[in-house]
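S.K.:
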Amino acid sequence: MKIFSFINQKGGVGKTTSVVTLGSGFALRGYKTLLMDCDPQGHIATQLGIHKAPGLRRWYYDEEPLEQVMMTVRDNLYVVPGDKTTDRVLGRMREEQWGTAEFADRLREESTGLEMDVVLLDLAPSLNHLQIAAMLASDYVIIPTRLRYTDLDGVNEITRSISETARRSRMPGRFYLLPTFFDRVTRETHQRLVELVTAFGRQVLPPIPQDVKLAEAPGRGMTIWEYAPQCAAVQGYINGNGKTIGGYAAILDELIALIEGA
Ligand SMILES: Nc1ncnc2c1ncn2[C@@H]1O[C@H](COP(=O)(O)OP(=O)(O)OP(=O)(O)O)[C@@H](O)[C@H]1O
Ligand SMILES: [Mg+2]
C-alpha cells in the first residue's frame, strides 16, 4: 500500500484535478484506490459529481472506521468525501500535540486493513497541520505547480517543509513536482520548466498541458478518462521533434513504475 499526498499552498494549481484523474487512472488499471478529501472545499465530490459530505470529520474527529465513511464511486475506486466540517479536524490537530501522527498512523493501518493498493490525499491550499499530517502519512508527496514566476516561489516553501517534517519523523521525504497548465506556445512556461528541472532534476515529472477538457469533465460527472481520453491533458503534447511529452497517462505510468519498483 502506498500513500500519495498532493500539496501546494497555492490555490487552483491542479491538486484536486490530479488526485481525481490519477486516482481514477489507478482504479482503471486494477489498483484498489482510495481518494481522501482533506480540504473543507470538498472539491473531490464536486469533480466526481457526488454530494459533499463530512467523511473526513466522521473518520478523524468522530473516530468512525474508514470503511463506514467511504463511498464506492467506480470499480476499485473509493472516496472519503469532505465538506466544511473538515475545519473541525484541523481544530483538533491544533489542540493535540500528537494529532498529526495519529492521523498518519490510523490512515496507514486502516487502509492496509481494507487492502487498499493506493491512497491519494487532496489538500487545501495552505500549509498547516493537515498538510503536515498528510506528509507524515505519505510515501510520496506530489507538488502540482503552475509555471509562472510567482508560482515557483511557493515551491521552495513546501519542499523545505517536507524536509523539516522528514527530519523529525520516519517519513521518507520523497517528493515530486508536477508542472500543470503547461502551455507549449508561451516562452514563459518553457523557461520556468527549465528552471524547475535545473533546480530539482529528476524530481520534476513531465508536464500536464493546459486543456479546457479538464475543466469541462466535472460538469458532466465524468473523469477525464471517460469524457475525453484522447485529449492533450491525458495524452500529452507533441513537441517540435514529433515526440509526445507529458500528460496524465504518462504520469500514471511513472507512478505505477515507482510503486511497483519500490
Ligand atoms: N491542466 C489544466 N488545464 C486547464 N484547466 C485545468 C488544468 N488543471 C486543472 N484545471 C482547472 O483549473 C481549476 C482549478 O483546478 P483544481 O481544482 O484541480 O486546483 P486545486 O489546486 O485543487 O485548487 P484549490 O487550491 O482551490 O483546491 C479547475 O477548474 C480545473 O478544472
Ligand atoms: Mg483542490
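90 is the number of the first residue of the sequence shown in my numbering; add one for each residue after it. Beta carbons: idealized from backbone N, C-alpha and C, even for Gly.
May I ask you to report which of helix, strand or coil DSSP gives Met205?
M.R.: coil
S.K.: Where are the alpha helix (DSSP H) runs, 4 residues long or more, that stay fully inside the stretch 161-222, in chain order?
M.R.: Whole alpha helix (DSSP H) segments, 4+ residues: 175-184 and 188-202.
S.K.: Which of the three DSSP states is assigned to Asn90 in this structure?
M.R.: Here residue 90 turns out to be Met, not Asn, going by the sequence shown. Looking at Met90 - three-state DSSP - the assignment turns out to be coil, as it is neither helix nor strand.
S.K.: Going by C-alpha to C-alpha distance, which of Tyr265, Asp300, Glu253 and Ile251 sits closest to Thr274?
M.R.: In the sequence as displayed, the identity of residue 274 is Val instead of Thr. If we check each option's Cα against that of Val274, Asp300 comes out closest.
S.K.: Kindly indicate the opening and closing residues of the alpha helix (DSSP H) around Val108.
M.R.: Lys104 to Leu117
S.K.: Which residues in the same chain have their Cβ closer than 6 Å to the Cβ of Val207, if we skip the five residues on either side of it in sequence?
M.R.: The residues are Lys91, Phe115, Tyr120 and Thr122.
S.K.: Near ligand 4, which residues have their beta-carbon less than 5 Å from any of its heavy atoms, given in chain order?
M.R.: This structure lacks ligand 4; the ligands present are ligand 1 and ligand 2.
S.K.: Just list the residues that DSSP pairs Leu155 with in beta bridges.
M.R.: For Leu155, which the question treats as bridged, DSSP gives no partner whatsoever.
S.K.: I'd like to confirm something about Lys332: is its beta-carbon nearer than 8 Å to some heavy atom of ligand 1, or not?
M.R.: no
S.K.: Compute every distance between the C-beta of Leu216 and the non-hydrogen atoms of ligand 1, then say whether any falls below 8 Å.
M.R.: no
S.K.: So Phe289 and Leu266 are supposed to be a Cβ contact under 8 Å. How far apart are they, rounded?
M.R.: 6 Å
S.K.: Check for me: the beta strand (DSSP E) holding Phe264 runs from which residue to which?
M.R.: Element bounds for Phe264: Phe264 to Pro268.
S.K.: Start and end of the alpha helix (DSSP H) containing Val283?
M.R.: Arg276 to Phe289
S.K.: Below 6 Å CB to CB, which residues in the same chain sit around Leu196 once its five sequence neighbours on both sides are set aside?
M.R.: Ala226
S.K.: What is the DSSP secondary structure of Thr312, reduced to helix, strand or coil?
M.R.: coil
S.K.: Would you mind stating whether Leu282 and Leu236 have Cβ atoms separated by less than 9 Å?
M.R.: yes
S.K.: Taking all protein chains shown into account, decide if Lys332 is buried (16 or more other Cβ within 10 angstroms of its Cβ) or exposed.
M.R.: With fewer than 16 Cβ atoms within 10 Å of its Cβ, Lys332 is classed as exposed.
S.K.: Tell me whether the stretch 142-151 and the stretch 161-176 touch, counting them as touching only if at least three CB pairs, one residue from each stretch, are closer than 8 Å.
M.R.: yes
S.K.: What are the partner residues of Thr122, as DSSP defines its beta bridges?
M.R.: As computed with DSSP, Thr122 is found in a beta bridge with Leu166 and Val207.
S.K.: Tyr229: which of Leu203, Arg259 and Thr239 sits nearest, CA to CA?
M.R.: Among Leu203, Arg259 and Thr239, the Cα nearest to that of Tyr229 is on Arg259.
S.K.: Figure out for me which residue from Ala213, Ala193 and Ile232 has the closest Cα to the Cα of Arg249.
M.R.: Ile232
S.K.: Do three or more CB pairs link the stretch 152-166 to the stretch 100-110 at distances below 8 Å?
M.R.: The stretch 152-166 makes no contact with the stretch 100-110; the number of CB pairs closer than 8 Å stays below 3.
S.K.: Check the C-beta distance from Leu219 over to Val244 and give it rounded, since I have them as a contact under 8 Å.
M.R.: So it is not a contact: roughly 19 Å between Cβ atoms.
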